[in-house]
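J.: First, the structure itself, so that you have it in front of you.
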């Protein structure tokens with residue numbers, strides 16, 4: 060729950076300009092539509108300015124063409140028609156702008172997510188281990204959404220804040236050139252000086268995000284640890300710390316938002332003084348007779364009012380913009396990690412190799428490049444192991460001694476720092492990755508079941524399988540009878556992470572999937588550990604069918620499930636400590652014999668009714 | 002005044018909300034004044050004077066006032082949300098503690114943690130946008146009408162006709178928005194769920210060479226859904242346009258037309274007409290504010306509703322006695338559970354049913370049963386994180402209801418099977434048992450828990466950071482840290498959920514030694530997972546389906562031929578079967 064994104068990938072370095080350039084690259088396919096959105100936006104603001112300008116100028120037009128005491132309806136209607144015409148343009152421009160703006164934003168958001176998915180693919184699972192939790196993923200998705208304002212609410216206001224004043228200044232030039240010199244400094248202050256100043260005042264917000272990460276981690280930790288907290292009467296202390304840490308963060312937040320408040324105040328000053336300056340100079344010119352006091356002067360005032368509104372729009376989105384850059388930084392940070400494993404195979408197709416596995420002098424540690432002592436985990440040092448083709452081998456031992464690492468290395472989810480791992484006589488690295496995946500069928504403790512139908516989940520094993528093949532696999536996995544008894548049959552939904560299925564059914568789906576895949580090597584990583592003893596018996600049957608005639612490596616916690624393996628390897632602290640059949644190991648009287656006795660002692664195993 | 006649950010608001014929040022509101026409302030007349038001055042400056046110009054020069058100081062003051070109000074408005078907003086967020090986090094945590102681990106369970110704590118972290122951030126919008134801006138938005142047309150009424154009452158009445166447009170707009174855009182947002186939400190949820198599924202299951206997808214295919218599928222899904230969303234937007238936004246159009250046309254055109262008509266009647270000056278035209282622009286500001294309100298506020302409202310719902314969860318009512326037992330501190334204790342029945346809220350079947358059991362001083366009682374038989378509920382009942390619906394728990398003969406909760410919990414050390422270690426140092430995690438423990442005490446506890454050798458081997462010793470939920474420690478080390486914590490607390494009652502066998506043999510020896518030190522001279526409730534540990538207990542209690550199945554000493558239970566005797570039989574059978582495997586395979 061800690062600031063996960065930072066943990067996974069850290070922040071992308073590089074200047075804001077680089078991040079912006081990178082974000083803009085995603086927009087490239089939609090540049091055309093974006094331009095439409097921008098043009099209509101500029102049109103919208105200009106027509107708004109025109110609308111108010113016309114209305115204001117109408118005063119003079121009317122006064123000059125009418126006598127007090129008689130109502131000149133013709134002029135009034137004429138001016139109203141003008142306003143209606145311009146107003147219609149405002150409406151349609153606003154509609155097109157909104158529509159195209161949303162179009163681009165939705166498209167890019169989807170695009171961005173897709174790109175993120177593909178970027179994460181080569182990184183899984185070595186660099187994404189922490190993304191396995193739903194919390195972490197939803198956080199990443201929030202970040203994806205936070206990038207959206209960059210496209211939806213930053214580009215358009217920024218561009219219109221530049222172009223609208225230019226057009227407005229151009230119009231003012233036609234009224235009297237000197238207005239440009241009066242108004243330009245204020246527009247410049249609004250669009251250039253103010254954002255720069257706010258950036259200086261508020262910092263880039265990274266520190267605030269970091270603090271927020273700390274607070275969130277603390278909150279999550281407090282809530283999840285509530286049992287131990289209550290048991291130790293620690294809750295008051297914890298609540299106090301929670302409050303303090305929140306207050307500390309607020310101080311950081313004050314800086315960010317304080318800058319925002321300052322920006323609001325300054326923009327108010329620039330706008331109001333700008334409007335007043337335009338009006339003052341307009342009055343001076345009117346007094347000199349250079350412009351018409353009741354037509355040009357009101358129009359100038361009205362147009363500059365609308366012009367400054369536009370500039371304020373940009374400033375108001377500035378905080379959103381900064382937040383989106385921070386989110387982008389985090390996502391890029393994740394996407395830019397070097398993959399733990401690279402596809403280096405030269406031949407794209409490889410001939411079948413004998414399904415024998417061998418490890419030769421393998422040296423491996425997780426996070427070898429991590430500087431934090433506590434995260435480095437050395438697993439293997441000169442580790443060697445041979446599993447002949449067709450042999451059923453079990454791997455047992457205390458938890459955390461590298462059993463699952465063997466599976467991870469075989470699947471090339473990680474690469475060892477040194478040594479050689481082979482299938483038959485071909486090095487793993489010589490397999491193209493997709494070929495390598497074909498060599499193994501894996502059933503693990505918590506096999507991932509997708510939120511799809513059971514059929515779709517089984518089909519993962521071989522996507523073009525026929526219904527008959529799917530049913531065949533389901534039968535072997537002991538799933539068929541149950542499935543056909545369901546109202547939806549094979550289309551029974553599995554639920555989120557397979558939660559609509561029982562633990563036993565989930566494992567059977569995983570087994571059916573593995574059967575359908577028909578790989579020469581089967582890896583069972585604690586395939587039945589999460590099941591209760593009775594369910595385990597049934598699933599074991601299915602597993603036996605899966606393993607028939609294949610090289611099998613079984614990692615198990617309950618020793619009673621592996622007694623009939625061809626060979627049992629006991630792994631302790633990254634080396635094979637004992638090796639032999641069940642009987643040989645029992646006779647040896649080592650860890651295995653000891654553990655076997657302990658497990659027969661377990662309440663769960665003996666509690667039967 | 003705000004129509005919102007009091008629990009989300011502290012006086013400090015309220016104060017800042019009011020500050021923001023006052024500043025927001027006060028800024029409206031300043032804008033009106035500005036436009037009015039511009040209008041009469043036009044009049045003055047046509048009469049040959051520059052009013053703006055004459056009024057220089059007044060205008061300078063107005064500029065500063067506007068700036069100050071803008072600053073205060075924004076500051077009020079973020080101060081309010083800042084205060085509120087701290088308060089809401091605290092409320093959520095207090096509620097978590099009140100509900101306690103017994104009611105919450107593991108899954109829900111994860112969800113709540115998410116709301117209390119990411120979710121609370123969205124309250125920003127709630128407090129800054131929802132609370133303040135809506136009032137300002139409502140006030141703007143009223144202020145404007147009042148001002149125009151003062152300039153010319155006929156025009157004022159005309160403009161008043163436009164005021165209902167605001168609620169009209171609010172209503173219709175709200176409906177439109179709700180429709181889009183609901184649809185959008187469904188789409189988003191579906192997409193998100195699939196995306197989440199794909200990222201979480203990415204390793205599996207890769208293993209089956211399905212990752213690319215899945216990616217394509219998601220792209221297609223995204224595209225199809227985007228199309229439908231856009232179609233909806235196409236329709237729903239047309240409403241927006243007509244309203245925006247109508248609004249601009251109405252306010253500006255009416256202001257202009259009627260003003261000119263009134264000028265003809267000699268009721269208004271040209272400058273006043275200009276001022277009114279400028280003011281008509283301000284009517285549309287309401288639209289901007291309301292738009293922001295709907296888009297951003299919706300998120301905040303959602304979170305607020307979620308928080309309120311959680312805060313409304315009924316906490317178990319723990320009658321808070323103040324009594325403390327008069328027994329000398331540290332002396333062994335007698336615990337009695339008398340006909341205790343407990344049903345989880347919403348559940349039909351009681352988790353514990355008419356359960357009675359007694360632990361006398363220095364006795365170790367083993368509690369066994371399959372998972373779901375009610376063992377954990379007994380632990381929660383003893384810690385009083387839940388309250389039995391009927392029956393009573395007595396400590397030294399005093400009903401737990403009369404005892405102070407704090408005192409009661411001081412009497413119990415809990416060693417769970419999966420201890421939760423907080424992110425922080427080893428020392429931090431130990432000190433939660435005794436805040437003022439000296440380093441020497443910590444070392445002594447670690448020695449007794451057989452953890453000290455490990456601690457010495459780390460570069461930072463007691464200050465070694467324990468990773469995310471104790472990730473950097475092995476299971477055995479985390480267990481022993483939990484034991485050290487319990488030793489430090491030194492409570493007379495120990496509730497021990499025995500660790501299972503997924504540890505190596507050496508660790509087990511260390512663990513057993515540590516446990517022995519912890520349970521010496523204590524009243525111990527042992528939730529046992531091994532027959533050999535059970536054998537060391539003074540008495541055995543077997544639970545089944547929340548009730549007491551059998552109880553007694555080992556000899557008594559063996560003689561009675563019940564569940565425990567059956568377990569022993571099964572074990573013997575397993576032993577003889579495995580010893581029979583050898584000849585079969587050979």
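Chains as they are written, first to last, in the numbering used here: chain A, 60 to 668; chain B, 2 to 587.
No residue lacks a Cβ here, since even glycine has one placed at the ideal position from N, Cα and C.
Here the structure is a predicted model, which is why all the values come from computation and not from measurement.
Determine the burial state of residue 543 (chain A): buried for a count of at least 16 other Cβ atoms within 10 Å of its Cβ, exposed for fewer.
T.: exposed
J.: Quick check on the burial criterion: 16 or more other C-beta atoms within 10 angstroms. Buried or exposed for residue 87 (chain A)?
T.: Around the beta-carbon of residue 87 (chain A), fewer than 16 other beta-carbon atoms lie within 10 Å, marking it exposed.
J.: With 16 as the cutoff for other CB atoms within 10 Å, does residue 546 (chain A) come out buried or exposed?
T.: exposed
J.: Does the stretch 345-364 of chain A come into contact with the stretch 40-47 of chain B, if we say contact requires no fewer than three beta-carbon pairs (one atom in each stretch) closer than 8 Å?
T.: yes
J.: Restricting to Cα atoms, I'd like to know which of A:414, A:169, A:187 is closest to residue 203 (chain A).
T.: A:169
J.: Provide the residue span of the alpha helix (DSSP H) that contains residue 210 (chain B), from first to last.
T.: That residue, residue 210 (chain B), is in no alpha helix (DSSP H); it is neither H nor E in DSSP.
J.: Nearest-angstrom Cα distance between residue 26 (chain B) and residue 35 (chain B)?
T.: 15 Å
J.: In its own chain, which residues sit with a C-beta less than 8 Å from the C-beta of residue 239 (chain A), not counting the 5 before and 5 after it?
T.: In chain order, 228, 231, 232 place their CB closer than 8 Å to the CB of residue 239 (chain A), counting only its own chain and leaving out the 5 sequence neighbours on each side.
J.: Rounded to the nearest angstrom, what separates residue 494 (chain A) and residue 114 (chain B) at their Cα positions?
T.: Using only the alpha carbons, I get a separation of about 42 Å.
J.: In this structure, how does DSSP classify residue 621 (chain A) when only helix, strand and coil are distinguished?
T.: coil
J.: Helix, strand or coil: how does DSSP classify residue 553 (chain B) here?
T.: Strand, per DSSP.
J.: What are the start and end residues of the alpha helix (DSSP H) that includes residue 637 (chain A)?
T.: Looking at the DSSP string, residue 637 (chain A) is not in any alpha helix (DSSP H); the run it does join, the beta strand (DSSP E), is 634-639.
J.: From B:528, B:17, B:202, B:421, pick the residue whose C-alpha is nearest to that of residue 370 (chain B); which is it?
T.: B:528
J.: To the nearest angstrom, how far is it from the Cα of residue 210 (chain A) to the Cα of residue 588 (chain A)?
T.: If you take the alpha carbons of residue 210 (chain A) and residue 588 (chain A), they lie about 48 Å apart.
J.: At least one CB of chain A closer than 9 Å to the CB of residue 72 (chain B): is that the case?
T.: yes
J.: Within 9 Å of any Cβ in chain D, is that where the Cβ of residue 443 (chain B) sits?
T.: No chain D is part of this structure, whose protein chains are labelled A and B.
J.: Taking CB distances under 9 Å as the criterion, tell me whether residue 37 (chain B) reaches chain A.
T.: no
J.: Of the residues B:433, B:397, B:364, which one's Cα is nearest the Cα of residue 554 (chain B)?
T.: B:364
J.: Does residue 488 (chain B) pass the burial test, meaning 16 or more other C-beta atoms within 10 Å, or should it be called exposed?
T.: buried
J.: Going by DSSP, what residue range makes up the beta strand (DSSP E) through residue 611 (chain A)?
T.: 610-614
J.: Per DSSP, what kind of secondary structure is residue 655 (chain A) in: helix, strand or coil?
T.: Here residue 655 (chain A) sits in helix by DSSP.
J.: Using alpha carbons as the reference points, say which of B:352, B:497, B:556, B:73 lies closest to residue 549 (chain B).
T.: B:352
J.: According to DSSP, simplified to helix, strand and coil, what is residue 433 (chain A)?
T.: Note that residue 433 (chain A) has pLDDT 49, beneath the 50 cutoff, so the model's placement of it is unreliable and the number below is only indicative. In this structure, residue 433 (chain A) counts as helix in the three-state DSSP scheme.
J.: In this structure, how does DSSP classify residue 258 (chain B) when only helix, strand and coil are distinguished?
T.: helix
J.: Name the DSSP bridge partner or partners of residue 424 (chain A)?
T.: Per DSSP, A:437.
J.: So residue 127 (chain A) contacts chain B; which residues on that side make the cut at Cβ distance below 7 Å?
T.: Per Cβ cutoff of 7 Å: 265, 267.
J.: Do you know whose CA, among A:655, A:422, A:446, A:452, lies nearest residue 439 (chain A)'s CA?
T.: A:422
J.: Give me the DSSP bridge partner(s) of residue 552 (chain A).
T.: A:512
J.: What three-state label does DSSP hand residue 470 (chain B) in the structure shown?
T.: Since pLDDT at residue 470 (chain B) reaches only 49, below the 50 mark, its modelled position is unreliable, and no value is offered.
J.: What in chain A is Cβ-close to residue 83 (chain B), meaning under 8 Å?
T.: 309, 312, 313, 316
J.: Starting from residue 214 (chain B), find everything on chain A with Cβ-Cβ shorter than 9 Å and list it in chain order.
T.: Going along chain A in sequence order, the residues near residue 214 (chain B) (Cβ under 9 Å) are 522.
J.: Please report how far the alpha carbon of residue 649 (chain A) lies from the alpha carbon of residue 637 (chain A), in whole angstroms.
T.: 8 Å
J.: Is residue 9 (chain B) helix, strand or coil when you go by DSSP?
T.: In the structure shown, residue 9 (chain B) sits in a helix (DSSP, three-state: H, G or I).
J.: What residues in the stretch 353-371 of chain A bring their beta carbon closer than 9 Å to a beta carbon of chain B?
T.: 353, 356, 357, 360, 361, 364, 365, 368
J.: Between which two residues does the alpha helix (DSSP H) holding residue 327 (chain A) run?
T.: 294-347
J.: Within 9 Å (strictly less), CB to CB, does residue 9 (chain B) reach chain A?
T.: Chain A, which has no Cβ nearer than 9 Å to the Cβ of residue 9 (chain B), makes this no.
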